[in-house]
Every structure is written in C-alpha cells, then in structure tokens.
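Undergrad: Residue numbers (the numbering used here): 142 to 518.
Glycine is no exception: its CB is placed at the ideal position from the N, C-alpha and C atoms.
All figures in this text were calculated on a predicted structure; none of them were measured in a lab.
Sharing a structure here in structure tokens format.
Laid out in structure tokens, this is it:
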C-alpha cells in the first residue's frame, strides 16, 4: 500500500505490522550471521575485514544520506529524539566484540548462541529489581539460560581442556555484544517517530569510523591495505558485499524494532542467528557443535521459549511522565523491563496526569539500580 505524506512517498507493508517486523528481524539475524562467518573467511584469506567493511559502509552511508536529504527531504531527528538515534549508533558499535570473538577463535554458532543470554537475564533482573513477582517460569528461563551459557563456554575450571581450546575472553566478548544488542532494541523503540534510515545512517557512520580508527591504530588486528592496490577488483567486490550486508542487517533491525516489542525482536533475532550460525559453521568451516555445545544451545532455546511464555502473563500498561515532562528513572526502568517481558500486545509508554508527577518522583531512587541494569543489558 502506498501512502503519500507531503513530499514523501512511504511504502506501507502489505502484511501486518508484527509479521513485517518479525520478517525484518529474522532477515537482520541472517545477515549478521553471514557477516560473522565472513569475518573468519577474510581472516583465512589474509584480507583486511575492518578496512574493507569501513569503505563499503561509508559508500552506503553517503548514498542513503543523499536519498534522505536531497531526494525524499526527510527531516533530521528533533533534539528530544536525537539522543536515542545517537545511542543507537553507540550500541551498534557495541556489536564489534562479536566479530572480535570470532577472530579470536570462537565458533560462529557459539557466538550467535551466547548473544541470546540478554533475553532472560536482562528482563528478569529488571523485574526483580523493580520489586515485581518472580514466577516459576521466569526462574526456569533464567536457569536454562545460565546453564546453557556454561555448557557453550565450557570454562576450564569445570570442563577438562579439549583439543580446540577457545580463549575465555572470546566468549566474554560475545556476551558483551549480546548486552549491547539488547540496548539497540530499546533505543529504537524509544523513538518510533524517527525514520528508520536515520538510525541506519548514524550506526553505519559510527561503526565505519570506529573500525577504521582502531584498525589504523593497530588496536584491532587487521591485515594491510596492499589488496587495495594489488587487486582493486577484489577490493570493490568485497566492499560491496560487506557494505551491503551491514546495511541490510542494520536497516532491517532498526525498522523491525519499531514494529515489535524488544522481547519479540530479541527472541526472533537471536533464534534466527543461533540456527543459521551453526549451519554456516558446518557448511563453511566443517565444524559441527559437540554434544555438550548442542545441549547448551538447546537449554538456551528453552530459556528463550520460557521467557516468551512468561510474557503471556497480563501486566498493567506502563505509565509515563506527565505531558511536557521527560520520563524519569522509574518510568524508563519499568518500560524497559516491560519491553523485554511482554508479548505482542505491549503498549508504548503512556503519559500520566500532571498531578501525579510529584508523587512518582519520590519512587525513582529505589529503582535507579534497576534502570542501570536494564540499560546495560
């Protein structure tokens, strides 16, 4: 369905918004997994992954920026919403540890699996710190997620060393990337009025700049730029592939997150990445997960399913600040927890009557720790 608003022609999805959002989220998960696999492929071919990706990202970014500003004339986000766009770009860069984990030796499937930990842990900690009831189903989700993490990581103080030892810091980086991904879902949901491509442009800019600077400073290991001179056709091909995949992954998750609650987005994204990660790991590198790793992935899948089931429990809509006020710590913490534990019927942050503003302000302090935890997860 086409709808014209002013000078902008917008294409509305033919399917329902939720189905459209889930489709976009799954697409982003597949592209992200492909990028993780290509990290290993280029490393084996001794090609500079981060520099090639940076060139491709800059080309795509300026192309999209031209379309946004000069063709469609879509306005830049207003100051109240701009902070969420910038935070989206910051947390987008936070996905870098996942790529570093693969280069450090962690299997692609394990990295994509470990990013799912944020679904149960972040949501359940938010619920607990907000003083809400902790149900047995939520307990099952937390136990399965933590047990699955231990089986996938196989720490040496529990398991004997195997032939293929993976540094523990690689798994810790994968977990950190998962927490950052959770923040991506929340920041996009906080600014539904912003055109999703603005999130994409800012994220591509911050990611490309960070990768180039860290690679040039030799903080992030990358191969030399000789390929840019010796094989320009290979350079152009890889820049197009990497830039295109990052664009699709970034744009799809930004748009999909605007249609679905964070809990739904996280479940679909990590579930898709988990399955496709192990498939690509076996197809490209001939590595199949061990029985212990498969058991860990299965437990984390049960944890995700339990979190989704717990989301069916009815919950009162989250009340926001009075008209003209910025949301306080209490409202943001409660909304974030609700985003990760509610189903498809989640409502946006509501405005409460102005008279209740002073009463609610006194309840912000006890929830400060909860807000910080939810923001980091």
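Just to confirm, is the Cβ distance from residue 249 to residue 318 under 7 Å?
TA: For residue 249 and residue 318, no; Cβs fall outside 7 Å.
Undergrad: Quick one: Cα of residue 176 to Cα of residue 354, how far?
TA: Roughly 20 Å separates the two Cα atoms.
Undergrad: Are the beta-carbon atoms of residue 391 and residue 234 separated by less than 7 Å?
TA: Cβ distance not < 7 Å, so residue 391 and residue 234 don't count as in contact.
Undergrad: Alpha carbon to alpha carbon, how far is residue 253 from residue 488? Give it in angstroms, no decimals.
TA: Residue placement at residue 488 is poorly supported in this model, since its pLDDT is 45, which falls under 50; the coordinates still yield a value, given next. Whole-angstrom Cα-Cα distance: 29 Å.
Undergrad: Can you have a look at residue 207 and say buried or exposed, based on whether 16 or more other CB atoms are within 10 angstroms of its CB?
TA: Classification for residue 207: exposed.
Undergrad: In the DSSP assignment, find the alpha helix (DSSP H) that holds residue 355 and state where it starts and stops.
TA: Start and end: 337 to 357.
Undergrad: If you draw a straight line from the C-alpha of residue 447 to the C-alpha of residue 278, how long is it?
TA: The alpha-carbon atoms of residue 447 and residue 278 are separated by roughly 6 Å.
Undergrad: Just to confirm my understanding: we take residue 163, look at its own chain, exclude 5 residues before and 5 after, and list those with CB closer than 6 Å. What are they?
TA: The residues are 409.
Undergrad: Taking 8 Å as the cut-off, does the stretch 326 to 340 touch the stretch 365 to 382 (at least 3 CB pairs, one atom from each stretch)?
TA: Short answer: they don't touch.
Undergrad: Below 8 Å on the Cβ atoms is my guess for residue 194 versus residue 387; work out the distance and round it to an integer in Å.
TA: Confirmed, Cβ separation roughly 6 Å.
Undergrad: Helix or strand or just coil, what does DSSP make of residue 364?
TA: Residue state, collapsed to three classes: coil.
Undergrad: Given a threshold of 16 other Cβ atoms within 10 Å of its Cβ, counted over all protein chains shown, does residue 310 qualify as buried or as exposed?
TA: So residue 310 ends up on the exposed side.
Undergrad: Is residue 194 helix, strand or coil by DSSP?
TA: Three-state DSSP puts residue 194 in a helix.
Undergrad: To the nearest angstrom, how far is it from the Cα of residue 375 to the Cα of residue 183?
TA: Answer to the nearest angstrom: the Cα atoms are 12 Å apart.
Undergrad: Quick check: what's the CA-CA separation for residue 332 versus residue 399?
TA: One C-alpha to the other measures close to 8 Å.
Undergrad: Suppose the cutoff is 6 Å on Cβ atoms and the five residues either side in sequence are ignored; what does the same chain contact list for residue 170 look like?
TA: 410, 413, 414, listed in sequence order.
Undergrad: Residue 232 and residue 321 look like a contact to me (Cβ under 8 Å); what is the Cβ gap, rounded to whole Å?
TA: The pair is a contact, with the Cβ atoms about 5 Å apart (cut-off 8 Å).
Undergrad: For residue 224, count the other beta carbons within 10 Å of its own beta carbon; 16 or more makes it buried, fewer makes it exposed. Which is it?
TA: Classification for residue 224: exposed.
Undergrad: Just confirm the distance between the C-beta atoms of residue 344 and residue 229, as a whole number of angstroms; I'd bet it's less than 8 Å.
TA: Yes, they are in contact, since the Cβ atoms of residue 344 and residue 229 sit about 6 Å apart, within 8 Å.
Undergrad: Enumerate, from N- to C-terminal direction, the unbroken alpha helix (DSSP H) stretches of 4 or more residues contained entirely within the stretch 176 to 253.
TA: As far as the stretch 176 to 253 is concerned, its whole alpha helix (DSSP H) runs of at least 4 residues are 190 to 207, 220 to 234, 237 to 244.
Undergrad: Residue 282 by DSSP, collapsed to three states: which one?
TA: Residue 282: helix per DSSP, three-state reduction.
Undergrad: Please name the residue, chosen from 174, 238, 251, that lies closest to residue 442 on a Cα-to-Cα basis.
TA: Checked all of 174, 238, 251; the closest Cα to residue 442 is 251.
Undergrad: Grouping DSSP H, G and I as helix and E and B as strand, with all else coil, what is residue 494?
TA: The pLDDT assigned to residue 494 is 40, lower than 50, so where the model puts this residue is not dependable; a value taken from the coordinates is nonetheless given after this. Coil, per DSSP.
Undergrad: On a Cα-Cα basis, can you pick out the residue from 433, 284, 418, 363 that is closest to residue 186?
TA: The option with the nearest alpha carbon to residue 186 is 363.
Undergrad: DSSP on residue 431, reduced to helix/strand/coil?
TA: Residue 431 falls in the coil class under three-state DSSP.
Undergrad: Which residue's Cα is closest to the Cα of residue 295: 307, 191, 346, 238?
TA: Closest by alpha carbon: 307.
Undergrad: Measuring straight from C-alpha to C-alpha, what distance separates residue 152 and residue 436?
TA: For residue 152, the predicted model reports a pLDDT of 44, less than 50, meaning its position is unreliable and no value from the coordinates is stated.
Undergrad: What residues in its chain sit with their C-beta under 6 Å from that of residue 439, if we drop five residues either side in the sequence?
TA: Same-chain partners within the cutoff: there are none.
Undergrad: In angstroms, rounded to a whole number, what distance separates the CA positions of residue 209 and residue 200?
TA: In a straight line, the C-alpha of residue 209 is about 14 Å away from that of residue 200.
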